[in-house]
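J.:
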Amino acid sequence: MKSTFHIMLIPTLGCPAHCKYCWSSDEHSPRMSIETIEEVVAWLKDFRDDQVTVTFHGGEPLLAGEAFYREALPLLSDGLSHLNPTFAIQTNLWLLTPGIADLFAEYNIPIGSSIDGPKEICDVQRGEGYYERTMRGYEIAREHGLDVRFICTFTSDSVERKEEIFDFFLENNLTLKLHPALPSLRDSNPDRWTLSPEKYGELLIYLLDQSLEHLGEIEVMNINDLCRGVFTRHGTVCTYADCMGNTFAIGPDGSIYPCYRFVGMPEFVMGNVATHPSREELEASAVWKQMEAFRAYVDEHCKDCAHIKYCRGGCPYNAIAPTGGEVMGVDPHCPAYARIFEEIGGRINKEMFESSPFLEMGGPRSRRSRATKPGVMALIRQIAMR
Ligand code: SF4
Ligand code: SF4
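Offset between the sequence shown (1-based) and the working numbering: plus 192.
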């Protein structure tokens with residue numbers, strides 16, 4: 193199955209918020225110019241011919257301002273019309289204005305935002321006033337009919353209050369996407385907020401149980417993606433699929449990186465849109481070779497793992513960014529992935545066995561299974577109906 197073509201545009205790495213665990217913002221970051229957008233369009237004209245999703249990411253991409261988007265969106269939409277582009281944005285919503293919201297509605301742009309749970313938990317991690325400002329932007333987005341989904345970063349602290357956080361999302365009718373706090377490569381104490389693989393695994397099991405308990409009431413995107421991946425035996429989000437060659441990020445100065453997570457790290461630059469590099473030229477870059485080395489490492493290191501087809505060693509950024517590009521292991525979240533894959537796979541097998549027609553004939557066990565709460569297969573059926 194071919195992965196989708198994804199271009200991430202990073203108009204700036206600057207951000208007005210000061211989240212304590214942030215690893216990517218840079219207050220001295222330049223802003224992307226419209227000339228760079230024109231170069232992106234020229235570069236992508238003959239680069240690839242399948243449908244493209246363009247996501248604006250940051251830092252905080254709304255710092256680029258309404259005028260930037262009023263020029264950039266038509267340029268990208270018209271200039272790349274042969275790629276049938278769709279757009280998305282990841283923003284904390286602080287700078288969303290009715291004017292920008294109107295524009296985003298015109299281009300049917302879904303919004304990913306970030307909130308870490310109720311105000312008192314969120315603001316400890318993301319800074320005083322974060323919650324109110326994001327919620328103000330959320331109201332504007334809703335008034336303009338925009339679809340908003342929230343990423344919730346779980347840290348070593350907030351994971352201890354996972355019940356409160358889950359209830360907050362449930363009670364406020366919000367879709368939840370979990371993000372584990374990563375080590376900050378720019379901090380003197382990089383692991384202060386990091387979610388350990390053990391806690392991450394426990395959290396995923398908890399969210400699986402809660403998803404089933406509240407089936408139809410809340411969508412936990414990670415759980416849907418994981419169940420879909422195990423059932424179809426193919427990763428459906430970048431973490432569990434080979435992202436190399438399908439995802440590219442463009443930094444504010446036009447530099448090309450393998451993903452937004454690498455933006456601002458000069459050692460991971462593959463080229464620049466100004467020179468319109470071909471795929472072959474990008475393949476010749478040192479970064480591409482490092483990503484290929486990661487893929488080869490996974491093929492060898494994970495070859496006996498039952499989950500390799502729908503895990504693919506996890507996220508290469510997590511694996512190679514802390515070592516400056518050297519491949520020394522798979523994604524450190526491996527134990528968390530293995531744990532949730534085992535759990536989901538085990539439950540699917542059990543549910544399928546219990547609903548077997550042979551047991552129907554045998555009687556008592558099948559009668560017992562009909563009385564139980566919704567299982568993973570019920571969730572998978574629900575996902576398939578969407
Ligand atoms: S590097 Fe990680 S976050 Fe980036 S596209 Fe690949 S899997 Fe996704
Ligand atoms: S769960 Fe771990 S060992 Fe298995 S494929 Fe994923 S990273 Fe490799």
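No residue lacks a Cβ here, since even glycine has one placed at the ideal position from N, Cα and C. Just so we're clear, the structure is a prediction, and the values are computed from it rather than from any experiment.
Looking at C-alpha atoms only, which residue of P469, S388 and K212 is the closest neighbour of N510?
T.: The residue with the shortest Cα to Cα distance from N510 is S388.
J.: Per DSSP, which one or two residues make a beta bridge with N284?
T.: Paired residue(s): none; N284 is not in a bridge.
J.: Should R487 be counted as a contact of ligand 1 given a C-beta to heavy atom distance under 8 angstroms?
T.: Every heavy atom of ligand 1 is 8 angstroms or more from the Cβ of R487, so no.
J.: CB-CB under 6 angstroms to S561, same chain, minus the five flanking residues each way: which ones, in chain order?
T.: Confidence at S561 is low in this model, with a pLDDT of 49, below 50, so the placement of that residue is unreliable and no value is reported for it.
J.: Please classify R560: does DSSP put it in a helix, a strand, or coil?
T.: Model confidence at R560 stands at a pLDDT of 49, short of 50, so the residue's coordinates are unreliable; what they give is reported in the following sentence. Here R560 sits in helix by DSSP.
J.: By the DSSP assignment, the beta strand (DSSP E) with R341 in it spans what residues?
T.: Counting along the chain, the beta strand (DSSP E) containing R341 begins and ends at V340 to F346.
J.: What residue does the alpha helix (DSSP H) around V422 start on, and which one ends it?
T.: Per DSSP, V422 belongs to the alpha helix (DSSP H) from M413 to T424.
J.: For ligand 2, is there a heavy atom less than 8 angstroms away from the beta-carbon of R191?
T.: Because the chain spans 193 through 578 in this model, residue 191 falls outside it and cannot be assessed.
J.: Would you call the CB atoms of L201 and F248 closer than 9 angstroms?
T.: Yes. Within cutoff.
J.: Can you give me the Cβ contacts of V429 inside the same chain, cut-off strictly under 6 angstroms, excluding the 5 residues immediately before and after it?
T.: Counting only Cβ-Cβ distances below 6 angstroms, and skipping sequence neighbours, we find D417.
J.: For F358, I'd like the list of residues in its chain whose CB is within less than 6 angstroms of its CB, leaving aside the five on either flank, ordered along the chain.
T.: The residues are Q402.
J.: Tell me whether T326 sits in a helix, a strand or coil according to DSSP, three-state version.
T.: Reduced to three states, the DSSP call for T326 is helix.
J.: Would you check whether ligand 2 has a heavy atom nearer than 8 angstroms to the C-beta of A433?
T.: No; taking the cut-off as 8 angstroms, the Cβ of A433 has no heavy atom of ligand 2 nearer than that.
J.: Return yes when at least one heavy atom of ligand 2 lies under 8 angstroms from the C-beta of Y261, else no.
T.: No, the Cβ of Y261 stays beyond 8 angstroms of every heavy atom of ligand 2.
J.: Given a threshold of 16 other Cβ atoms within 10 Å of its Cβ, counted over all protein chains shown, does R453 qualify as buried or as exposed?
T.: Per the 10 Å Cβ criterion, buried.
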